[in-house]
Amino acid sequence: MADQFDSALDLLRRLNPKNTAANLSAICSLVPEHEEELLASVDQPLEVRRCKKTGRDYLLCDYNRDGDSYRSPWSNEFDPPVDDAEMSSERVRRLEVRANEAFDVYRELYYEGGTSSVYLWNLDDGFAGVVLLKKSSSQTAASGAWDSIHVLEVAERGRTAKYKLTSTVILNLGTKGDALGSLDLAGNMTRQVESDMPVDADETHVANVGKLVEDMELKMRNLLREHLLHVNTKRTVTNASQTEEVYFGKAKDVVGDLRSIPPLSEANRERAAQREMINSMGR
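In this note's numbering, the protein residues as written are 1141 to 1423.
Okay, structure coming up:
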């Protein structure tokens, strides 16, 4: 049974990340006994649903799911309703409300649109949660989607707290045109950080988590920008932990080949000289 689960994860790592949701659904239908484990282990692009009570959009993930129902962070209700759903304490729910308000502002400032959701739940020595951000765009010639999944654990120790943040970014880019043809680029990146920070009141947790998420997203955006814009000669992937190099590394090679730093006439002269040298060696 463990071999089936490991094989399923290995297969998902090798398939196109753009189709992760469809591939995951197909694999779960083949091995339904591992469905819960797979849904909890595999990050996939976030889906958007409208809260029936408040009319606001929220994001779906495994952390606000109970069976086939999902909880809205705005109304704190499941859709469809769940009679025996496990809910967080009043204190953690108050923190969740403040965090959703804060990240709604963060989303508007950084993404200028999109959707955000924050879900928190109780732990024995603190609380845990997930911060979700999604921005997508679909046009005639280009499309793209950015999904951020920040899973956090907070261990409270009096006037300090230990924060552990695991962040995953899923990026999908596509373009289509008569001149350039079509380009389909997809991949994901995961990073982790731990930090001890002072806590004066419950509201401090929201500020601390916000700072950690903001810093992590900045670092990951810069890393993705470097992946996409700079030439990388690394073409061989030796293990699954380097999956992002398959997709982003190839894009860097393409950009590097298309980008000509010296003048075109100088490049042509160098090619002619190289051909002349090869011909003379053959003679």
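Beta carbons: idealized from backbone N, C-alpha and C, even for Gly.
As assigned by DSSP and simplified to three states, the class of residue i
{"i": "PRO1338", "result": "strand"}
{"i": "LYS1302", "result": "strand"}
{"i": "ASN1216", "result": "coil"}
{"i": "GLU1248", "result": "helix"}
{"i": "SER1228", "result": "coil"}
{"i": "VAL1346", "result": "helix"}
{"i": "GLN1144", "result": "helix"}
{"i": "ASN1156", "result": "coil"}
{"i": "VAL1353", "result": "helix"}
{"i": "ASP1206", "result": "strand"}
{"i": "VAL1294", "result": "strand"}
{"i": "ALA1281", "result": "coil"}
Burial state of residue i, where buried means 16 or more other Cβ atoms lie within 10 Å
{"i": "THR1373", "result": "In this prediction, THR1373 has a pLDDT of 37, which is less than 50 and means its spatial position is unreliable; nothing more can be read from the coordinates."}
{"i": "ARG1211", "result": "buried"}
{"i": "GLN1382", "result": "At GLN1382, the pLDDT of 45 sits below 50, so the modelled position is not reliable; the number obtained from the coordinates is stated separately. Label assigned to GLN1382: exposed."}
{"i": "THR1255", "result": "buried"}
{"i": "VAL1333", "result": "exposed"}
{"i": "PRO1157", "result": "buried"}
{"i": "GLY1207", "result": "exposed"}
{"i": "ASP1143", "result": "exposed"}
{"i": "GLY1298", "result": "exposed"}
{"i": "ASP1287", "result": "buried"}
{"i": "LEU1151", "result": "exposed"}
Same chain only: Cβ atoms within 6 Å of residue i, ignoring 5 sequence neighbours per side
{"i": "LYS1302", "result": "ALA1295 and ASP1336"}
{"i": "ASP1324", "result": "GLY1314"}
{"i": "SER1477", "result": "In the structure as shown, the chain begins at 1141 and stops at 1423. Residue 1477 is therefore absent and cannot be evaluated."}
{"i": "ALA1282", "result": "THR1315"}
{"i": "VAL1353", "result": "VAL1271 and HIS1290"}
Beta-carbon proximity list for residue i, same chain, < 8 Å, skipping 5 on both sides
{"i": "ASN1362", "result": "none"}
Beta carbon proximity, residue i to chain B, threshold 9 Å
{"i": "GLY1254", "result": "Judged by its chain identifiers, the structure shown contains no chain B, having just a single protein chain."}
Proximity of residue i and residue j at Cβ, strictly below 9 Å
{"i": "VAL1188", "j": "LEU1199", "result": "yes"}
{"i": "PRO1213", "j": "VAL1182", "result": "no"}
{"i": "GLU1357", "j": "LEU1273", "result": "yes"}
{"i": "THR1306", "j": "MET1329", "result": "no"}
{"i": "SER1215", "j": "LYS1192", "result": "yes"}
{"i": "LEU1186", "j": "ILE1289", "result": "yes"}
{"i": "ALA1347", "j": "ASN1312", "result": "no"}
{"i": "LYS1275", "j": "TYR1246", "result": "no"}
Residue i - partner residues in DSSP beta bridges
{"i": "TYR1198", "result": "ARG1189"}
{"i": "LEU1273", "result": "SER1256 and SER1288"}
{"i": "LYS1316", "result": "SER1322"}
{"i": "GLN1332", "result": "THR1306"}
{"i": "PHE1267", "result": "ASN1262 and VAL1294"}
{"i": "ARG1211", "result": "PHE1218"}
Own chain partners of residue i with C-beta closer than 7 Å, once the 5 adjacent residues on each side are dropped
{"i": "LEU1155", "result": "ASN1163"}
{"i": "GLY1253", "result": "LYS1275"}
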